[in-house]
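Protein sequences, first through last, are from chains A and B. All residue numbers for the first sequence refer to the numbering used here, where the first residue is -10 and numbers rise by one. All residue numbers for the second sequence refer to the numbering used here, where the first residue is 2 and numbers rise by one. By construction, the Cβ of each residue, glycine as well, lies at the ideal position given by its N, Cα and C atoms. These numbers come from a predicted model, not from an experiment. All remarks here apply to the structure that follows.
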Amino acid sequence: MRLNFNVNSETKELELNSNETLLDVLRNNGYTEVKCGCNEGECGACLVLLDDKPVNSCQVLAMSIKNKKVKTVKGIGTLFIPHIIQKTFAKAGADQCGFCSPGMVIASYSLLKENPNPTYEEILEGLDGNLCRCTGYVKIIEAVEKSAELINEKN
Amino acid sequence: MFKYVNKPIEKIDGLALVTGNEQYTDDFNFENMLYVSIMHSGFAHAVIENLDDSAALKIPGVAEVLSYKNVKQILYTTAGQGFPEPSPYDTVLFGRTMRYVGDNVCAVAAESKEIADEALRKIKVKYKRLKPLLDFEKAEDSKIIIHKDDGAFPKIPVYYDASKNMPSKVEADIGNFDESYENSPEKIDLTFYTPYASHCALEPHASVSYIDNRGRLVIISSTQVPFHVRRIVSHLVEIPISQIRVIKPRIGGGFGGKQEVLLEPIVALITWRTKRPAKLVLNRKEVFKSTRTRHQFRTIFKVGYNQDGKINAFHLDALENSGGYGSHALTVLSNAGSKTLPLLNKIENVRFTGKSVYTNLPCGGAYRGYGATEAYFGYGQIIDIICEDTKQDILEYYKKWSIKSGETSPIFKALGEGKEGVAMTVTSTSLNQCIDTGAKESDWYAKKKLYGANSDLNKNNRYKRGIGMAALMQGSAIPEIDMASAYIKMNDDGSFNLHVGATDLGTGSDTILAQIASEVLDTPVEKFIVNSSDTDITPFDVGAYASSTTYLSGKAVQKCAEKIKEQILKVGAEIFGSKIEEVEVEDNKVKIKSPNDSNSLEKISFEDICRYAFYQNNQFQIQATASHVSPKSPPPFAAHFVEIEVDTLTGIIKVLNYVAAVDCGTPINTTLAEGQAEGAIVNGLAYALFEDYYFTPHGKMLNDTFGKYGMYTAYDIPPIKVKLIESYEESGPFGAKSISEININGALPAIANAFYNATGKRLFKVPFIPEYVLKILNY
């Protein structure tokens, strides 16, 4: 079947089966920036914003999100108009293989939106749902700290 | 000193990665594509008596079923190594004998993943169950023979004895161990155990294949070894190499787990038979169970020494659990010796004995650290024990006895990778400075004074604090075996295409290699359009393993860029009407070295150089290729320091601080080098404190999800400080060695030594989970 979804501020008719998760529907319709690392809600690679709240899209039945707004990492910033968080991630070396990066960026964006001045502990909590095997998290944490600083400066 | 290397340059794919713009294997979709699902054995040891796929084939949308019935039983090794591989040919794609829970039974290709999964459920398999062999310490003398009469054989002339379940055996003997051990006044004889581990690359293994417009087979795959994939697929699918193209897109991490040719032959076979695209992406449980793991090890150290701390005799005996197949069995085993024993090179009598055994448990493979991690657990504690016993400062001990520049170790020659090793002299080390820096950063001496099992701080306190350290080495590439190559051509705006077979699996090697070319040509990194790992387009490279890319592929790029520079200078000299010796490159331009009145002060831009070469006179394409094989494998060194707090009531070890001082030669990209160290350290910490494979009594892995397996999150990490202490390795590009593997080796021995410092007790078994810690504390 086909249903209307609001993804990255655009209303789009997407193809889906009734038993599919939001992750399946997004990936099957070209939103491959949403990654699948475990399909069990444990790694955070498929994190998207659903009405501005971060959710593991592999744990959401697509049919259940009627009238809600979905935002993927490309809704936060693109290659040509990157968000401060994305620029800072790239600069800080918070990306190695990059597979966890879209989810990490979403988690960081969501954290900083809720709490523009997070403590170190609060950053760790904010990233607790996202796994990364490459970086050891050190540079990701640094990137979130730096992003907070830059966003606050800008505001 | 340098302009483009030794700098924290942003990854060239960085922004594309963090905006989700880059494509990984599963992001490629093709018209008319088939989806593949695999049935994995639920039994650890069984023979398929019959497989009935008739019901599955009747399901609309099922295109192909692969099983022993229609797949030729061609022996190979899944290990993506150089040819001929040092791993035994003991595997077939779909055989009748199941040798571990997770072994391939059959595969279905269908119009959708759902149909493929449904078809798998309709396939009836009748097994004859065999008694599984699950204890690797009993494998050698077991009546259960895992590779019985299956034709398995070693591809190179090395030990292989299926009747003893032994895919490999490695020995080296220097001096006279027995006599010197007997005559030593002090003796140690201790046994250590390290467990299975999963790489946990966030991207699961994935391959997709299709037929191109001219009928050739194209495979896009999450692989560390595209050229080995091409060769092995050709062997298994029985089509010429010329008909196969392997493309590595972005890879979501490897750590050795993708140095394994597992999925590519399956999609290749399906595509070749059906002439349709085929995609296979494993789920996380399949990655845990059916792909490859870190080998489980038992190491026994017998060491004889004097009261002054001098070691007379050192014997490392390693037993490696290879699981159902012998992938990397020989080489991981020999690296357990070759990457540890040369560290204290002044020991005169050294023996290494290693055996690898088959069991009906998951298969080992390549895993960051590659045997060294497993051996350093005991090695690092043995040195600590000797220092404690002889009342010596372990830092001074390492500084005195470790291998120095200009020195060698007979182990380098004695332990190779399936053949004799390569004798070499260490020409760069800053280990002593690493030790000093680590001591300072960790406040070693003050804390050593404060802590200790009987200190006022720790005695009678539930929470006991301790500090420990370990010195480490690894290698950089496999000497005289690994080959890398690069190709560069110049474009008419002064940019360059850099084509490398080297495989960037997230490490940032595309960026590092561009930096090296930049440094040679004195032109910015942005001028390089890097294309890596496409077997049709890029020259050969063994791939990303053995800590080789920066050192080996980097050198190939440096040599290639030097040739380009020669050509640019030649054109420049022609334009200037001067001699080639009189011109040099500077900032994208060619200029006269010492201008005078008779020659020009003008500089010629790279753009004009290329335009001249394209269109003006004596036209030619400025282009070059270069290959590199290293005559040595210069070790990187490191000193790791860790401070812990042991809760003696719960058995929980909390890491308070971690300091790693690392000598990787010249770090080509300082940010990326730090990142390599930090990632390895956290992986090592999780391995030390939590990660393990838990099995049912029948050999089935129980904790096959990220949550149950216990991979660390940001919330679990202690403060980590990495210090890069440079040395200059003459044989590497701009002095570089390697950094990717070494830093996973520190957590096990350093934490165990800190635990001793806190409690006075030794840890012999990884992981140090609370149950085990309490057992040790109450012993």
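Membership of D437 of chain B in the alpha helix (DSSP H) is indicated by the continuous run 432 to 443.
Against chain B, the beta carbon of S90 of chain A has neighbours under 8 Å at L18, V19, G21, listed in chain order.
Among the residues of chain A, none has a CB under 9 Å from the CB of K420 of chain B; the nearest is roughly 33 Å distant.
When 8 Å is used as the limit between beta carbons, Q75 of chain A is near these residues of chain B: L16, V19, T20, in chain order. Under the Cβ distance rule, V262 of chain B does not count among the residues neighbouring chain A, no pair being separated by less than 7 Å. Chain-order list of chain B residues neighbouring Y126 of chain A: V683, A715, I718, by C-beta distance under 7 Å. Relative to F756 of chain B, the option among B:A689, B:S403, B:R352 whose CA is nearest is B:A689. The residues P278, in chain order, have a CB closer than 8 Å to that of E32 of chain B in the same chain once the five nearest residues on each side in sequence are set aside.
DSSP places P158 of chain B in the coil class of the three-state scheme, outside both helix and strand.
Distance between Q568 of chain B and V586 of chain B, taken at the CA atoms: about 11 Å. Counting of Cβ neighbours within 10 angstroms places F3 of chain B among the exposed residues, the total staying below 16. Residues of the same chain with a CB within less than 7 Å of the CB of K449 of chain B, apart from the 5 flanking positions on each side, are I468 in chain order. Among the CB atoms of chain B, one or more fall inside 7 Å of the CB of L116 of chain A.
Close partners of P43 of chain A in chain B (Cβ separation under 7 Å) are lacking, with about 15 Å as the shortest Cβ gap.
With fewer than 16 neighbouring CB atoms inside 10 Å of its own CB, P186 of chain B falls in the exposed class. With its beta carbon at least 7 Å from every one in chain A, G476 of chain B lies outside the interface.
For V584 of chain B, the secondary structure class from DSSP, reduced to helix, strand or coil, is strand. Burial state of I70 of chain A is exposed, judged by a 10 Å Cβ sphere holding fewer than 16 other Cβ atoms. At a C-beta separation below 8 Å, A137 of chain A has no neighbours in chain B, since its nearest C-beta there lies roughly 15 Å away. Contact note: F78 of chain A reaches chain B through G15, V19, using a C-beta cutoff of 8 Å and chain order. Interface with chain A (7 Å Cβ-Cβ cutoff): L121 of chain B is excluded.
Under the DSSP definition of a beta bridge, N532 of chain B partners with B:H500. In terms of beta-carbon proximity, T292 of chain B stays away from the interface with chain A, with every pair separated by 7 Å or more. No Cβ-Cβ contact shorter than 7 Å links L342 of chain B with S403 of chain B.
Boundaries of the alpha helix (DSSP H) harbouring Y757 of chain B: 748 to 760, taken from the DSSP string. For the 7 Å CB-CB criterion, T61 of chain A and Y20 of chain A form a contact. The criterion of a C-beta distance shorter than 7 Å is not satisfied by K528 of chain B and S554 of chain B. Separation of the CB atoms of I129 of chain A and A79 of chain A is rounded to 12 Å, and the pair is thereby denied contact status at 8 Å. Its chain contains A562, I565, K566, V586 as the residues whose beta carbon lies nearer than 7 Å to that of L522 of chain B, once the 5 sequence neighbours on both sides are disregarded; these appear in chain order.
Sequence-distant partners of A715 of chain B (beyond 5 residues in either direction) whose C-beta falls short of 7 Å from its own C-beta are missing from its chain.
Contact annotation, S38 of chain B with L94 of chain B: C-beta distance approximately 15 Å; criterion of less than 8 Å not satisfied. Annotation for E183 of chain B: G305 place their beta carbon closer than 8 Å to its own, counting only its chain and skipping 5 residues before and after. Taken through DSSP and simplified to helix, strand or coil, R299 of chain B comes out as strand. Note on geometry: alpha-carbon atoms of A661 of chain B and N744 of chain B lie some 8 Å from one another.
The C-beta of T21 of chain A comes closer than 7 Å to at least one C-beta of chain B. Counting C-beta atoms within 10 angstroms of its own C-beta, A447 of chain B has fewer than 16 neighbours from the protein chains shown and is therefore classed as exposed.
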